[in-house]
Each structure stands twice: as structure tokens, then as C-alpha cells.
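Okay, so here's the structure we're looking at.
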Amino acid sequence: MKKVTLSLLTLALVSIGCNTAKKTTATASLEGTKWKLVELNGKPVSQTQMGKDVYLQLDAKDHRISGFSGCNGFGGTYTLKEGSRIELSQLMGTLMACPDLDTETAFLEVLRTVDNYNHNGKTLQLNKARMAPLAKFEAAK
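Letter by letter, the sequence shown follows residues -21 to -1, 1 to 120 in mature numbering (1 follows the signal peptide of the UniProt record, and there is no 0).
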């Protein structure tokens, strides 16, 4: 009876260990991942009129942020701090004219105001203080 119980316990622990490994490999790193914008100021976001996704990417090597804001490319620097805090600075972008700049304008304003983030595997949220998330992202495939 003890051998059967011990065998079942061992099998359960091995199964749990295998499931944990799968979850770890399925998560995306905060840095080095292309983060596709899916929600901005509480509203869903789809592809722009140009047929492209709004996204950002954090480069750990140079601490640079870059991406596409809906019409223009943008870039700058970032600093990660304790307590899931983030500081974005020196943000700049190209200046192409597009018919609809509403998403781009709102997105760039969010980038100028965020001060913290939540990263949970395949999702990233950018926040200001304790307000509701200003921008939600999913890891791009």
C-alpha cells in the first residue's frame, strides 16, 4: 500500500513539473519581445488604416524602445526600476502625414505619461500610478 501511494505521489510531482516547464517556455520576455497594442485607454485597438499593428519593443542591450505608432515609427530610451516601474524618455518619431492620427496621438501620449507596468507572460500593461491600464499589449507571433 505504501509503495502504491509513493508511486502515485511521485507521478503527480513529475506531472506538475512537466506542466510548469511548458508554461515557462510559453511566456514572453519583457525585453526583446514585439508587443502588439490590443487596447488603448480602455478601448480595443485593431490594425491601422495602413494595415499594420501598433507595437513597441524594448531592447535590453541598449535600453532603447522602438515601434510603430499607427502612422509613424518612434524610438527613445527606457529605464526599468524596482517595483515594476518604468521611465520612458527621449521619445521621438518620424513625421509622415496620415488621414487618421487619433490612435497614434493617444498612444504617444500614453507613452509620455506611463510610470509602471504589469508583465504577465504573454501580456504587458502600461499604467500611470494606480489608474486603470492605459495600454494593453499581447506578445506578437
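C-beta atoms are modelled at their ideal positions from N, C-alpha and C, and glycine is treated no differently.
By alpha-carbon positions, which one of the options ends up nearest to residue i?
i	options	result
L105	L70, D81 and L35	L35
G21	A85, K120, H98 and D94	A85
L87	H98, L113, P23 and K120	L113
What distance in whole Å lies between the Cβ atoms of residue j and residue i, which are believed to be in contact at a cut-off of 8 Å?
i	j	result
W14	L70	About 16 Å; that fails the 8 Å criterion.
Please report how far the alpha carbon of residue i lies from the alpha carbon of residue j, in whole angstroms.
i	j	result
Q26	D81	13 Å
A118	S45	15 Å
G54	T12	15 Å
Taking the Cβ atom as the reference point for each residue, do residue i and residue j lie within a distance shorter than 8 Å?
i	j	result
K115	T92	no
S63	Y96	yes
L9	V89	no
G100	A7	yes
D41	L16	no
I65	D38	no
R43	T58	no
G52	E83	no
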